[in-house]
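Contents: one structure, followed by commentary.
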Amino acid sequence: MMMSLRVQVDEIKQTLDATNVTLTGLSDQMTDIQRNLADMRLAIENLTVLQQQHQEDDEDPELEDDAHNARGAPRGHRPRGWVPLGRNGRGQDEEDGLGKPKFSIPKFEGGADVEEYLTWELKIEKLWSLHPHYSEDRKIKLASSEFDGYALRWWDSLIRNLDEDGAQPIRTWRAMKEAMTSRFVPTNYMRTYLIS
């Protein structure tokens, strides 16, 4: 009697162990699927941004002068060193994302506190809603300009790794948010956060 009880307990333990292995495998697969989905979203957003930039370039009347521009380049192509001229004949400032904003960007250090990240993200979202004219590039540059500590090292490493791997760079605020969320918010926390 005692022997058959031990055999049953051992069988139950083996079944539980096998179930745990299966669950771990499924969890890993789910994480991989979420990463792949985030990568696909990023690629789609980057392609959309590139398409919009190309459409804007094609529609820019300053780029066209009959069939050629001032240096004889084909229509729609800018010559090397080309600077767009404004109404007063002076060169326009290119949008480099480094202009001084009239507000302060909140700092983010990237600690283990999930609420710190979520609060920072919410503050940044509110700033962007107040300044909808900011380009995606400027939003990324401004947001990352106030990274400190771990967040700064992580961001620099991410950008460098994407560049070295020849992967699509992060070109939109949404893509930046997705990368940060996947790093600073555990998957199970997001599920709880989104459900409640």
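Position 42 of the sequence shown, counting from 1, maps to 42 under the UniProt record's numbering, and the rest follow consecutively. Heads up, the beta-carbon is just placed ideally off N, CA and C, and yes, glycines get one too.
* To do: Can you tell me which of 114, 145, 106 puts its alpha carbon nearest to the alpha carbon of residue 127?
  => 106
* Asked: How many whole angstroms separate the CB atoms of residue 172 and residue 45, which I take to be in contact at a CB cut-off of 8 Å?
  -> 5 Å
* Exposed or buried, residue 140, counting other C-beta atoms within 10 Å across all chains shown (16 or more means buried)? -> buried
* Using three-state DSSP, classify residue 184 as helix, strand or coil. => helix
* **Neighbourhood of residue 185 by C-beta distance below 8 Å, restricted to the same chain and skipping five residues each side** => 114, 117, 118, 193
* For residue 123, collect the residues of the same chain with a Cβ closer than 6 Å to its Cβ; drop the 5 residues on either side in sequence, then sort them by chain order. => 106
* So residue 179 and residue 158 are in contact, right, with Cβ under 8 Å, and what is the actual spacing, rounded? -> 6 Å
* Would you say residue 198 and residue 166 are within 8 Å of each other, going by their C-beta atoms? -> Any question about residue 198 goes unanswered here, given that the chain covers just 1 to 196.
* Express the C-alpha separation of residue 14 and residue 7 in angstroms, rounding to a whole number. => 11 Å
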